[in-house]
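Chains as they are written, first to last, in numbering that gives the first Met the number 0: chain A, 0 to 443; chain B, 0 to 209.
Even for Gly, the Cβ is constructed at its ideal location relative to N, Cα and C.
Following: one structure in structure tokens, then a few remarks.
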Amino acid sequence: MHTSRLGLRTGAIVGAASLAALAAAPAFAADPDSQASAQSLNLTVAGQNGVSQTVTATNDGTTQSKNDASTIPTIAGVLPQNNAVGAGVAPQDAGANSDGTSWACAGIAGTGGGLVHTGNTSCNINGAPLTLALGSVDLGHVVLDPHGALSTGIAQVPGASTLLSTGLTSLQDDLVGQVDDAISSSPLSLTLGGTLSAIEATCRATPTSATGSTHLVDSQGGSANTPITADVAGQKLTLLDLPANPPANTHLVTNLSTVVSTLESALRTQLDNAVGGALQPVGALLDTLLPQLHQAILDQLLGQLQSALKPLQDNVLDVTLNKQVSSESGRKIDVTALDLQVLPAAAAFTGSSLVSGQLGHVTCGSNAGRPAAPQAQAKPVTAKHHGGGSANSGSGGGSGVPTAVDAGLAGEQHHHTALYAGLGGLIAAGAAGTAFVYRRNALK
Amino acid sequence: MTDAAPDPTSPEPEKARAKRGSVAVATVLALLAAALLFLIVSPGDDGASGAGTTTHFKPTTFHLEVKSLKINAPIVSIAMSSDRVLTPPSNPRDVGWWNASAKPGSERGQTIIAGHTVHTGGGQFDHLGRMRKGARIDVVHKLRTDHYVATKVFTLTKAQVSAQAATLFGQNRPTNRLVLITCGDWTGHEYLTNVFVYAKPVGSTSNGTT
Numbered sequence: 000m001h002t003s004r005l006g007l008r009t010g011a012i013v014g015a016a017s018l019a020a021l022a023a024a025p026a027f028a029a030d031p032d033s034q035a036s037a038q039s040l041n042l043t044v045a046g047q048n049g050v051s052q053t054v055t056a057t058n059d060g061t062t063q064s065k066n067d068a069s070t071i072p073t074i075a076g077v078l079p080q081n082n083a084v085g086a087g088v089a090p091q092d093a094g095a096n097s098d099g100t101s102w103a104c105a106g107i108a109g110t111g112g113g114l115v116h117t118g119n120t121s122c123n124i125n126g127a128p129l130t131l132a133l134g135s136v137d138l139g140h141v142v143l144d145p146h147g148a149l150s151t152g153i154a155q156v157p158g159a160s161t162l163l164s165t166g167l168t169s170l171q172d173d174l175v176g177q178v179d180d181a182i183s184s185s186p187l188s189l190t191l192g193g194t195l196s197a198i199e200a201t202c203r204a205t206p207t208s209a210t211g212s213t214h215l216v217d218s219q220g221g222s223a224n225t226p227i228t229a230d231v232a233g234q235k236l237t238l239l240d241l242p243a244n245p246p247a248n249t250h251l252v253t254n255l256s257t258v259v260s261t262l263e264s265a266l267r268t269q270l271d272n273a274v275g276g277a278l279q280p281v282g283a284l285l286d287t288l289l290p291q292l293h294q295a296i297l298d299q300l301l302g303q304l305q306s307a308l309k310p311l312q313d314n315v316l317d318v319t320l321n322k323q324v325s326s327e328s329g330r331k332i333d334v335t336a337l338d339l340q341v342l343p344a345a346a347a348f349t350g351s352s353l354v355s356g357q358l359g360h361v362t363c364g365s366n367a368g369r370p371a372a373p374q375a376q377a378k379p380v381t382a383k384h385h386g387g388g389s390a391n392s393g394s395g396g397g398s399g400v401p402t403a404v405d406a407g408l409a410g411e412q413h414h415h416t417a418l419y420a421g422l423g424g425l426i427a428a429g430a431a432g433t434a435f436v437y438r439r440n441a442l443k
Numbered sequence: 000m001t002d003a004a005p006d007p008t009s010p011e012p013e014k015a016r017a018k019r020g021s022v023a024v025a026t027v028l029a030l031l032a033a034a035l036l037f038l039i040v041s042p043g044d045d046g047a048s049g050a051g052t053t054t055h056f057k058p059t060t061f062h063l064e065v066k067s068l069k070i071n072a073p074i075v076s077i078a079m080s081s082d083r084v085l086t087p088p089s090n091p092r093d094v095g096w097w098n099a100s101a102k103p104g105s106e107r108g109q110t111i112i113a114g115h116t117v118h119t120g121g122g123q124f125d126h127l128g129r130m131r132k133g134a135r136i137d138v139v140h141k142l143r144t145d146h147y148v149a150t151k152v153f154t155l156t157k158a159q160v161s162a163q164a165a166t167l168f169g170q171n172r173p174t175n176r177l178v179l180i181t182c183g184d185w186t187g188h189e190y191l192t193n194v195f196v197y198a199k200p201v202g203s204t205s206n207g208t209t
């Protein structure tokens, strides 16, 4: 019996030691030979934060360690109830190889999009149509002051004050009512956005260098520019044209001066009618002064409107495409496909909802390990190429030409390593619990 | 002579239980070891350790444009492997110009450009087989754009490609020909064929920049 208990205790101690060693292993691990990380979404929309889990891959020279990347996050899962980014997925993946290379990709795509891997050397995001709203600006609180416009207008037209002395109060009431109607019947909000299939950042690193890029796939799955438009006063205005393959650190600013002028034009007609309607009852009193007073009041109202919309003429949204930061002598790179910053001017419009944060953020390197093989010696990547790798060397005629073209890629096939490992862990934990309970019962 | 009834307090069953307990602990350790082992040797994570040699691609300043197929792809330089396989750039949105073939706009030889087909979509040459004879193909450089017109669209098996390699890829042509290549006939496991497009040059225009 003593022997049995000793055996059990020894087993338990060994088990506990194994678990402790397993848990502590990362802390004692040496710096990785290669590394990469990927995060598809880190956004704030209307005060709501949406952050996708970061996939991190490291390799100690023999073995890759990577957190679970078998599930592609959905945008709805990361940013529930958001109206900014349409239904879709937020793919992300990273890999670190024993030869000192690493790779990563991250971004968003419409529902049906996913990942395409090229062996263990890179990944890309497979596009599907997706709407992207960069934000909406609510101008509903823009309030004009008809009283002030009327009094200033009357003061600018000599004689008008005398003529209107008896009907001034009702004129004020009429003008307030008419202007309120004009404002409420005009569209005083605008939405910035566009449609595309995918936005992705990718990077790759070797022991000596790291490179990255950003790609935008248009709504047709091609490489056309993606227009970002504003819907204002019934018109669709193109504010930005996002290039499919933006150079590094392409800085774009949403200049809304066109939006402001369009909005002013739309409201000018409404306000003109409002002033005319308000002055109609006193037209007989004013006689020849009517047109002058009409114009003076209208000018005052438009001046107020321009002042109210002035923040819009400043930049409300600062967009950087393909934001790249290279460090460690070019051996590490940090790439963000789309970096959005809301500028203070946007805060002038309460109730507005502008997107800020990052879409598609990847890092690769810095990597140690042996240098990558020179290109002349390189073998083709075949891990997920299908059907082209079996070149023969004899029948092609002439040894200087290819005999096969390996130009097909398979779509995503998830690796379930981490899932299986987790399952194994669960089974192990269950077995340990059973053994513990069994031992307690046995000793009672 | 009768067998005595088993005494639950006797040492024999307790020993058996203890033994079973030890087995359970051993099972736990074995499962942990198995999980660890699976992590270490699992294919896919780093299955090509040592074998997964990275191929490098050099960017060029050329772009390939085929408006009818909505292709607009950066062209990068690719090399033939030692076992004579031409592999397009790993990024399926790029296409690769074989660096031993004629440069775009050359007077002679063949300009060989290969691009990926991805069966789930996303490859620049996904729809290459749909190109019509007469379709316009442009190779855009910062100084000029070379214009081509598709003259032939055809499919070959891998064996046919190998057998006709000298014709398909050889550079002994008195006039330039553009050759676009990708894979076709995805079976669910592999691509059985290559799709080829031949195109002839029809002139070039200056892009007016320096």
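- In the assembly as shown, residue 206 of chain B is an exposed residue. Its beta-carbon has fewer than 16 other beta-carbons within 10 Å.
- Cα atoms of residue 89 of chain B and residue 180 of chain B: separation of roughly 15 Å, rounded to the nearest angstrom.
- Residue burial annotation: residue 41 of chain A is buried, with at least 16 other C-beta atoms found within 10 angstroms of its C-beta.
- In the three-state DSSP reduction, residue 309 of chain A falls in the helix class (H, G or I).
- Our two residues, residue 137 of chain B and residue 120 of chain A, have alpha carbons roughly 30 Å apart in a direct line.
- DSSP links residue 326 of chain A through a beta bridge to A:331.
- Residue contact with chain B for residue 87 of chain A: absent (no Cβ-Cβ distance below 7 Å to any residue of chain B).
- The beta carbons of residue 241 of chain A and residue 215 of chain A sit closer together than 7 Å.
- For residue 331 of chain A, same chain residues with a beta-carbon under 6 Å away, outside a window of 5 residues either side, are 209, 364, 365 in chain order.
- Under the Cβ distance rule, residue 130 of chain B does not count among the residues neighbouring chain A, no pair being separated by less than 7 Å.
- By the rule that beta-carbons nearer than 7 Å mark a contact, residue 31 of chain A does not touch chain B.
- Using a Cβ distance threshold of 7 Å, residue 87 of chain A and residue 105 of chain A do not count as a contacting pair.
- Chain-order list of chain A residues neighbouring residue 116 of chain B: 406, 407, 408, by C-beta distance under 8 Å.
- Within the stretch 219-251 of chain A, the residues whose Cβ lies closer than 9 Å to some Cβ of chain B are 219, 220, 221, 222, 223, 243, 244, listed in chain order.
- In the DSSP assignment, the residues bridged to residue 339 of chain A are A:318, A:356.
- Closer than 7 Å to the CB of residue 138 of chain B there is not a single CB belonging to chain A.
- Chain A has no Cβ within less than 7 Å of the Cβ of residue 147 of chain B.
- In this structure the stretch 321-338 of chain A does not touch the stretch 156-172 of chain A; the number of beta carbon pairs closer than 8 Å is below three.
- Under the three-state reduction of DSSP output, residue 399 of chain A falls in the coil class, being neither helix nor strand.
- Taking 3 residues as the minimum length, the beta strand (DSSP E) runs contained wholly in the stretch 147-223 of chain A are 188-204, 209-217, in order along the chain.
- A distance below 7 Å between beta-carbons, with the five flanking residues on each side excluded, links residue 175 of chain B to the following residues of its chain, in chain order: 101, 105, 106, 107, 108, 110, 200.
- Between residue 151 of chain A and the set A:92, A:401, A:295, A:407, the nearest pair of CA atoms involves A:295.
- The Cβ of residue 176 of chain B sits no closer than 7 Å to any Cβ of chain A.
- Taken through DSSP and simplified to helix, strand or coil, residue 272 of chain A comes out as helix.
- Segment contact: the stretch 121-131 of chain A against the stretch 192-205 of chain A, three or more CB-CB distances shorter than 8 Å; contact assigned.
- Any Cβ of chain B closer than 7 Å to the Cβ of residue 360 of chain A would place that residue at the interface, and such an atom is absent.
- Under DSSP, residue 196 of chain B shares a beta bridge with B:152, B:179.
- Ranked by Cα distance from residue 266 of chain A, the options A:157, A:301, A:59 are led by A:301.
- Residue 31 of chain A and residue 116 of chain A have their C-alpha atoms some 23 Å from each other.
- Check the Cα spacing between residue 155 of chain A and each of A:235, A:357, A:288: the tightest is with A:288.
- Under the 7 Å criterion on CB atoms, residue 83 of chain B is classed as interfacial with respect to chain A.
- For residue 400 of chain A, the residues of chain B that pass the 7 Å Cβ criterion are 164, 165, 168, 169, in the order they occur in the chain.
- Here residue 204 of chain B is near residue 144 of chain B, since their CB atoms are less than 7 Å apart.
- Within the DSSP secondary-structure output, residue 281 of chain A pairs in no beta bridge.
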